[in-house]
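Engineer: Residue 70 is where the sequence shown starts when you use my numbering, and the numbers rise one by one after that. Glycine included, C-beta positions come from ideal geometry on N, C-alpha and C. Because the structure is a prediction, the values reported are computed rather than measured.
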Amino acid sequence: MKNFAVLGHRLEMLSSYSCNKLPCFSQSFKAQIRSIFRVLLFQANPFYVQLVYFVMLSLLGYLALMFTKPRTTRPKDVDVFFTSVSATTVSSMSVVEMEVFSNTHLIILTILMLLGGEVFTSMLGLQFTRSKIIPKFHDHHTDGRIDVVNTKNHFPDSNADQIELGLATHSHLENEKPQIIDHIDGMNNNNNNKYNSIRFLGYVVLGYLLVVHIGGSILVSLYFTLVPSARHVLEKKGIEIPTFAVFTTVSTFSNCGFVPTNENMIVFKNNSGLLLLLLPQLLLGNTLYPVCLRFLIWVLEKITKRVEFSYMLKNYKDMGYSHMLSSLRSFLLALTVLGFIVVQVILFCAMEWKSEAMDGLTAYQKFVASIFQTMNSRHAGESVIDLSVISPAILVLFVVMMYLPPYTTFLPTTSDCEDSASAKGIPNPRKTLVESLVFSQLSYLAMFIILICITEREKMKEDPLNFSVLNVIIEVISAYGNVGFSTGYSCKRRLKHEGDCKDAWSGFSGRWSTQGKFILITVMFFGRLKNFSTKHGKAWKLS
70 MKNFAVLGHR LEMLSSYSCN KLPCFSQSFK AQIRSIFRVL LFQANPFYVQ LVYFVMLSLL
130 GYLALMFTKP RTTRPKDVDV FFTSVSATTV SSMSVVEMEV FSNTHLIILT ILMLLGGEVF
190 TSMLGLQFTR SKIIPKFHDH HTDGRIDVVN TKNHFPDSNA DQIELGLATH SHLENEKPQI
250 IDHIDGMNNN NNNKYNSIRF LGYVVLGYLL VVHIGGSILV SLYFTLVPSA RHVLEKKGIE
310 IPTFAVFTTV STFSNCGFVP TNENMIVFKN NSGLLLLLLP QLLLGNTLYP VCLRFLIWVL
370 EKITKRVEFS YMLKNYKDMG YSHMLSSLRS FLLALTVLGF IVVQVILFCA MEWKSEAMDG
430 LTAYQKFVAS IFQTMNSRHA GESVIDLSVI SPAILVLFVV MMYLPPYTTF LPTTSDCEDS
490 ASAKGIPNPR KTLVESLVFS QLSYLAMFII LICITEREKM KEDPLNFSVL NVIIEVISAY
550 GNVGFSTGYS CKRRLKHEGD CKDAWSGFSG RWSTQGKFIL ITVMFFGRLK NFSTKHGKAW
610 KLS
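1) Taking the continuous alpha helix (DSSP H) assigned at F536, which residues delimit it?
2) Verify whether the separation of the beta carbon atoms of M334 and F441 is less than 9 Å.
3) Thinking C-alpha only, which one of N172, G429, Y131 and K201 is nearest L264?
4) By a C-beta neighbour count over all protein chains shown, 10 Å radius and 16 as the cutoff for buried, is E527 buried or exposed?
5) Quick check: the region 181 to 200 against the region 579 to 588, are there 3 or more CB pairs under 8 Å?
6) Taking just the CA atoms, how far does S341 sit from Q434?
7) Quick one: is E421 near chain D, going by C-beta distance under 9 Å?
8) Near I459, what residues of its chain come up, given a Cβ to Cβ distance below 7 Å and the 5 sequence neighbours on each side ignored?
9) Is the region 285 to 302 in contact with the region 397 to 409, if contact means three or more CB pairs nearer than 8 Å?
10) Mapping the DSSP letters down to three states, classify L242 as helix, strand or coil.
11) Let's see if you can read the secondary structure: which residues bound the alpha helix (DSSP H) around D146?
12) For F150, collect the residues of the same chain with a Cβ closer than 6 Å to its Cβ; drop the 5 residues on either side in sequence, then sort them by chain order.
13) So for T318, helix, strand or coil by DSSP?
14) Just how far apart, CA to CA, sit R375 and M393?
15) Leaving out five residues before and five after R562 in sequence, what residues of the same chain have Cβ atoms less than 7 Å from its Cβ?
16) Measure the beta-carbon distance from K565 to E531 and round it to whole angstroms, keeping in mind my assumption that it falls under 8 Å.
17) Could you tell me which whole alpha helix (DSSP H) segments of length 4 or greater appear in the region 368 to 454?
18) Are S439 and F417 close, meaning C-beta to C-beta below 9 Å?
19) Specify the secondary structure class of S512 as computed by DSSP and reduced to three states.
20) Would you identify the three-state DSSP class for S556, choosing helix, strand or coil?
21) Note down the Cα distance separating N260 from R268, rounded to an integer number of angstroms.
22) Hey, how far is the Cα of I176 from the Cα of V469?
23) If you drop the 5 nearest sequence neighbours on each side, which residues of the same chain put their C-beta closer than 8 Å to that of A492?
24) Taking just the CA atoms, how far does R143 sit from I521?
25) Does the region 177 to 185 come close enough to the region 319 to 328 to have 3 or more Cβ pairs within less than 8 Å?
26) Check whether the Cβ atoms of F327 and S161 lie closer than 9 Å to each other.
27) With C-beta atoms as the reference, is Y558 less than 9 Å away from F587?
28) So, for L270: in the same chain, excluding its five sequence neighbours on each side, which residues have a beta-carbon less than 7 Å away from its beta-carbon?
29) Can you list, in chain order, the residues of its chain with a C-beta nearer than 6 Å to that of M167? Leave out the 5 residues immediately preceding and following it.
30) Classify S505 as helix, strand or coil using the three-state DSSP reduction.
31) Which full runs of the alpha helix (DSSP H) of 4+ residues lie inside the region 118 to 145, going along the chain?
32) Can N355 and P475 be called in contact, C-beta distance under 9 Å?
33) Would DSSP call S566 helix, strand or coil?
34) Is it buried or exposed for L589, if we count other Cβ within 10 angstroms and need 16 for buried?
35) Just tell me which of T158, F116, E370 and D148 has its CA closest to the CA of R597.
As structure tokens, this is what we get:
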């Protein structure tokens with residue numbers, strides 16, 4: 070009995086010990102997981118972080134679309150994945166007709182476009198930037214005793230020969246203590262202002278996002294409710310007004326270009342009011358986003374008088390937010406956007422005013438359609454006119470507009486020149502070598518075009534009018550610019566009328582081979598992450 074009692078006592082002690090240690094082990098394990106996550110997320114190259122984000126989001130979207138019942142015939146697996154990537158990278162490259170997708174499909178695509186949009190992903194980047202500042206902010210906080218003062222413990226006084234040295238060092242540190250404390254307090258205040266400013270900026274971007282989406286969806290819904298001609302189009306196609314309003318607003322603001330109808334916006338080319346409602350959203354979510362954001366922060370600073378908004382305006386470079394530009398750069402950007410729009414509208418009206426693309430429209434409708442079409446060439450991609458009937462000169466103009474980055478300005482600002490000079494002043498040999506060996510973006514685009522011409526060479530021989538080099542270039546540049554413009558495919562342009570051919574409201578790439586579609590998928594990812602490669606290839610001189 071005594072042995073059993075001793076054994077029971079030991080088991081009780083072991084159980085008590087385990088119960089006490091398990092919570093500590095669990096907390097330690099969670100802390101290790103958080104530490105590993107922070108290292109992978111914050112120490113990893115931002116390019117790989119974003120690449121993994123877009124690839125995983127595309128795969129999740131593909132699975133969600135595959136397990137949802139379509140409205141009509143289920144598309145091929147490669148076409149479903151292509152559509153998921155196109156929505157995630159806000160490219161709107163289409164290989165199937167949009168009316169194939171059910172209402173649930175449209176909701177899934179809406180979520181993908183929202184999560185893949187530039188404004189939303191930049192808001193996530195702000196949260197990561199703020200999280201990086203937290204440990205630096207806390208590391209400088211002390212309880213009134215700074216770490217330098219505690220260095221006296223490193224000078225032992227047990228040896229008589231070191232007493233004078235220890236006292237002298239201690240006295241020297243005591244004399245410098247106020248200056249050190251002031252310096253560290255200044256660092257604390259700066260970190261505090263930066264942390265709070267980034268937090269407020271996140272709130273501003275979130276509010277900006279919500280107001281535009283909610284307001285835009287309500288306005289589009291009201292338009293369809295009040296205008297019978299537009300409402301009958303959706304009723305005939307079996308598309309719900311709320312779904313269309315939210316889908317189109319998210320697509321327009323994120324500059325994706327998807328529209329739930331097969332014809333995109335061509336079916337609404339007579340509804341100039343709807344086109345005018347969507348025009349501001351094109352600019353607010355893309356080319357004029359930095360301008361509107363800075364103006365909004367300026368207004369909030371005047372109203373609230375908060376130091377955080379003032380800090381954002383004065384220290385826009387320290388915010389770690391690429392969409393925060395200086396006042397001069399914002400002004401030049403607004404002028405550039407307006408200049409591109411004016412030039413495109415003038416050329417488009419001069420070339421297409423009496424063309425087949427404008428048949429059946431009044432002068433007012435032609436003017437609004439011209440503005441809508443030309444503004445969409447800068448990364449939005451919604452079409453109110455069939456691009457296959459537009460003159461080659463305008464198509465080349467659109468190619469140039471699709472290639473240009475969204476924040477292109479006429480002249481570099483002084484700050485940009487200083488940034489370039491400072492960057493050149495402290496070169497990184499390893500980074501400079503890698504960037505020199507890497508090709509430029511134009512070189513990669515040329516390679517992609519050549520590869521697609523190789524994969525589609527048989528079709529280019531048999532059907533040269535549809536599979537022309539210009540149409541391939543437009544498709545590739547459109548995918549790279551995440552625009553979505555496409556000349557489509559027409560059975561009437563075929564030289565050989567052998568076999569069955571049915572016209573479909575899908576993009577030109579819908580007629581490509583599986584290999585060609587996967588190359589275009591790569592182009593869409595490359596275009597979505599082009600900010601990481603804009604400075605590459607500078608060592609390749611052409612003269």
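Structural biologist: Reading from the atomic positions:
1) F536 -> no alpha helix (DSSP H), and no H or E assigned at all.
2) The answer is yes: Cβ separation under 9 Å.
3) A small fix is needed here, since residue 264 is Tyr in this sequence, not Leu. Comparing alpha carbon positions, the residue from N172, G429, Y131 and K201 closest to Y264 is K201.
4) Exposed: under 16 other Cβ atoms inside 10 Å.
5) Counting C-beta pairs with one atom in each stretch, the region 181 to 200 and the region 579 to 588 have fewer than three that are closer than 8 Å, which means they do not touch.
6) Going from the Cα of Q434 to the Cα of S341 covers about 6 Å.
7) Although the question refers to chain D, the structure presented lacks it and comprises just one protein chain.
8) So the list reads E421 and A426, once near-sequence residues are dropped.
9) The region 285 to 302 is not in contact with the region 397 to 409.
10) Note that L242 scores a pLDDT of 49, beneath 50, so its modelled location is shaky; the value from the coordinates is reported in the next line. Secondary structure of L242 (DSSP, three-state): helix.
11) Residues D146 to T157.
12) Y131, listed in sequence order.
13) Reduced to three states, the DSSP call for T318 is helix.
14) About 18 Å.
15) These residues qualify, in order along the chain: L534 and N535.
16) Indeed, because the Cβ distance is near 6 Å, the residues count as touching under 8 Å.
17) For the region 368 to 454, whole alpha helix (DSSP H) runs of length 4 or above, ordered along the chain, are 376 to 383, 396 to 421 and 432 to 444.
18) Yes; because the gap between Cβ atoms is below 9 Å, this pair is in contact.
19) Three-state DSSP puts S512 in a helix.
20) In the sequence on display, residue 556 carries Thr and not Ser. Here T556 sits in coil by DSSP.
21) So the alpha carbons of these two residues sit roughly 12 Å apart.
22) Approximately 33 Å, taken between the alpha carbons.
23) Bear in mind that the predicted position of A492 carries a pLDDT of just 44, short of 50, making it unreliable; the figure below should be weighed with that in mind. Taken in chain order, the list of residues that qualify is empty.
24) Taking the straight line joining both Cα atoms gives about 26 Å.
25) The region 177 to 185 makes contact with the region 319 to 328; the number of CB pairs closer than 8 Å reaches 3 or more.
26) Using a Cβ distance threshold of 9 Å, F327 and S161 count as a contacting pair.
27) No, they are not a contact pair.
28) Taken in chain order, the residues that qualify are L195, M381, M388 and Y390.
29) Here the set comprises P329 and N331.
30) For S505, the predicted structure reports a pLDDT of 49, less than 50, and the residue's modelled location is therefore unreliable. A value from the coordinates is still provided. Residue state for S505 is assigned as helix, using DSSP reduced to three classes.
31) Complete alpha helix (DSSP H) runs here, min 4: none at all.
32) Yes, they are a contact pair.
33) The question names Ser, but residue 566 is His in the sequence shown. In the three-state DSSP reduction, H566 falls in the coil class, being neither helix nor strand.
34) So L589 counts as buried.
35) Here the closest residue by C-alpha is T158.
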